[in-house]
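Residue numbers (my numbering): 61 to 593.
Glycine residues also receive a C-beta, built at the ideal position from the N, C-alpha and C atoms.
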Amino acid sequence: MEQLKDMNQSVTDFTEDIHTILLRQNENTKKKYDTLLSLVANLETKPKIAMDYLKQLRGNVILLGKEHEKLVGTLMYFPWADQDEDVVTEYQAFLLNLVSAHPYYLRACIKMVIRHFFPAIAAETPNQSMSQNGYQFDAERSRDARFIRAHYLLQSLAKIVPSTRSILVPLLGDSFPFVTRDVFTHKSYTRNVLQVMQYLPDLRLQLLELIVDRMLRLDVRASRKDIEEAEFSINAEMDHVNFVCGEKVQQKCYQEITYSMKHEEAERLDTMMDLVLAHIYHTCYPSGQDDWEETKKLFRELLFVFDKLIFITHASNHTQFLLFYICSFKQPLCERFIEYLWGKTNASTTQTIFRKSAAGYIASFLTRASFLNISTVKSALELMMQWANKYLQQVGSESHADFTHHSPFYAVCQTIFYVFCVWGHQLFESHLGFRWIESLKFQDLVHSKLNPLRFCQPFICKTFASLMRMHQLTYCDTKIENNSRYSFGVVDEVLPAMYSFDPYLLKKSLKWIKPLYRGHNEILHYFEETDKE
């Protein structure tokens with residue numbers, strides 16, 4: 061205790077003995093070793109003393125083997141990132157020397173750095189860029205000096221110890237905030253994981269997997285029904301605000317309420333989506349100019365993550381919009397995404413549930429993406445119609461309507477009909493549109509023994525029949541009427557409306573999706589116009 065009281069005095073006499081204490085940790089030096097531990101644990105408010113000790117320890121780093129794990133562990137909890145720049149520099153130098161001499165401590169060191177990815181109460185640094193050893197950190201994306209210092213140390217570790225890369229990603233996963241943590245924590249941690257991609261680009265795919273996996277955990281907890289109910293509740297609050305508050309108070313309350321989600325998991329997901337969508341944009345459009353090579357690379361990585369995680373996740377409502385967004389950059393990306401989905405739909409070895417899900421993705425993408433060219437839509441329809449007609453030939457004329465045995469076929473047919481309902485008017489008005497549509501042989505499909513209209517959603521059947529009748533291509537009304545009579549009083553199977561790009565409900569990140577999205581009103585317009593005509 062006496063030495064702790066004397067910490068403000070010169071520590072030269074004690075630090076000169078650090079070499080001896082570390083070298084001879086026995087009964088005679090145990091008291092001094094315990095004193096050293098106490099001193100190290102209380103260096104937070106003593107920058108000059110901290111500098112002296114760190115220099116002495118760095119000079120004796122070769123002696124800090126496993127037997128001194130307790131001392132090293134204490135140093136790992138020293139709040140170095142909040143200290144003066146001189147202390148920060150000395151601490152970073154000490155740690156880099158430590159892991160170079162003793163790779164055993166690398167895991168503990170990385171864990172310590174990751175702890176600095178969480179928010180602190182400390183004030184943020186001014187809005188300016190900081191750089192260390194040539195690496196430029198984006199202050200707008202990482203304002204806190206603690207984050208900048210942590211990233212510099214992590215980058216330095218990766219340079220001198222190659223195994224940092226293999227250890228880092230699992231540790232980032234272990235430390236990721238649990239779904240119940242607050243929004244600010246999720247935002248801070250996600251932003252810092254995205255920052256790691258800037259100086260360790262070879263880890264980007266693994267880090268994207270990590271982030272998307274955590275987003276999906278939130279996504280499946282935030283159903284559309286629950287979000288809509290929560291937002292209905294907040295709208296009721298706004299009505300109350302409008303009634304009891306003055307104009308200025310109303311405006312402030314409105315801004316605070318409308319830009320946040322009432323549903324807690326949805327709010328966390330919204331924050332993460334906003335960060336990742338921004339990351340996608342800045343990666344593909346550095347300095348506002350498109351980088352096609354980088355865009356293609358990121359698209360391939362996102363498609364890999366989509367295939368591995370998103371596609372197989374039931375009840376995901378928003379995470380898949382990462383692919384929707386990046387596809388908007390270039391038409392070839394749209395074509396590649398449709399090609400991927402069609403590969404899933406067409407693969408007889410794929411489970412039926414996933415084949416139908418892929419067909420639903422195609423339907424939703426083709427009808428919701430306002431950035432699609434009509435040529436892309438025509439190519440997709442041609443591909444699906446050719447497959448459907450070939451399927452009819454393969455099953456033969458002896459086959460009959462059977463939902464269980466032919467459900468992937470019916471899913472493709474519903475996709476065809478739905479896409480045609482939305483795009484029909486534009487397709488007919490396009491160059492040689494009628495002749496092209498006639499070549500698709502809708503009549504053979506509609507009047508086949510498999511009777512696809514029987515298992516489609518009623519509103520799709522009705523609109524499709526109206527379009528066909530209007531242009532005198534084929535008449536479906538009798539077929540639909542017979543199907544209705546057949547189904548009367550019978551529990552018949554109808555394909556569910558599995559549309560993965562249904563309206564986007566998250567508020568903050570909506571700004572990335574809304575300009576690219578064909579909303580309900582626009583789609584309903586096509587159906588209503590068809591009914592009128």
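In the DSSP assignment, Ala-429 is bridged to Tyr-577. Inter-segment contact for the stretch 328-335 and the stretch 564-572 is present: three or more beta-carbon pairs are separated by less than 8 Å. CA-to-CA, the gap between Ala-180 and Phe-138 works out to about 15 Å.
In this structure, DSSP gives His-128 a helical state, which the three-state scheme calls helix. Within the stretch 384-461, the complete alpha helix (DSSP H) runs of at least 4 residues fall at 391-406, 412-428, 434-455.
Scanning its chain for C-beta atoms nearer than 7 Å, with the 5 sequence neighbours on each side dropped, one finds around Thr-134 the residues Leu-97, Val-100, Ala-101, in chain order. When secondary structure is reduced to three states using DSSP, Met-321 falls in the coil class, being assigned neither helix nor strand. Between the alpha carbons of Lys-450 and His-507 lies a distance of about 15 Å.
Beyond the five residues adjoining it in sequence on each side, Arg-274 comes within less than 6 Å, by CB distance, of Phe-236 in the same chain, given in chain order. With contacts defined as CB atoms closer than 8 Å, Leu-500 and Leu-452 fail to qualify as a contacting pair. DSSP, reduced to helix, strand and coil, places Val-336 within a helical segment of the structure shown. With a 10 Å radius around the Cβ and a threshold of 16 neighbouring Cβ atoms, Tyr-564 comes out buried.
Here Tyr-93 is actually not in contact with Ile-109; their C-beta atoms are around 18 Å apart, not less than 8 Å.
Straight-line measurement puts the Cα of Leu-576 at about 26 Å from the Cα of Phe-414. Check the Cα spacing between Phe-389 and each of Thr-412, Gly-420, Asp-351: the tightest is with Asp-351. Counting along the chain, the unbroken alpha helix (DSSP H) around Ala-471 starts and ends at 463-489. When only Cα atoms are considered, Leu-155 and Leu-263 end up about 23 Å apart. Of all alpha-carbon atoms in Gly-348, Val-147, Met-530, the one lying nearest the alpha-carbon of Lys-106 is that of Val-147. Annotated three-state conformation of Asn-252 is helix, per DSSP.
Here DSSP, grouped into helix, strand and coil, assigns Asn-543 to helix. For Pro-107, the enclosing alpha helix (DSSP H) starts and ends at 107-119. Here Ile-78 carries a helix assignment [DSSP, helix/strand/coil].
Across the set Thr-427, Asp-504, Val-479, the C-alpha of Asp-504 shows the shortest separation from the C-alpha of Ser-457. Assigned with DSSP and collapsed to three states, Ala-205 falls in helix.
Around the beta-carbon of Tyr-212, 16 or more other beta-carbon atoms lie within 10 Å, marking it buried.
Met-528: member of the alpha helix (DSSP H) spanning 518-530, first to last residue. Excluding residues up to 5 positions away in sequence, Thr-343 lie with their Cβ nearer than 6 Å to the Cβ of Leu-358 in the same chain. If you draw a straight line from the Cα of Leu-83 to the Cα of Leu-123, it comes to about 7 Å. Out of Val-173, Thr-534, Gln-266, Asn-406, the CA that lies nearest to the CA of His-466 is found in Asn-406. Here the C-alpha atom of Asp-562 lies approximately 11 Å from the C-alpha atom of Ala-429. Distance between Ala-525 and Cys-536, taken at the CA atoms: about 5 Å. Taking C-alpha positions only, His-378 is separated from Arg-578 by approximately 16 Å.
With at least 16 other beta carbons inside 10 angstroms of its own, Asn-252 counts as buried. Residue environment for Gly-348: exposed (fewer than 16 other C-beta atoms within 10 angstroms of its C-beta).
Taking all protein chains shown into account, Gly-484 has 16 or more neighbouring C-beta atoms within 10 Å of its C-beta and is therefore buried.
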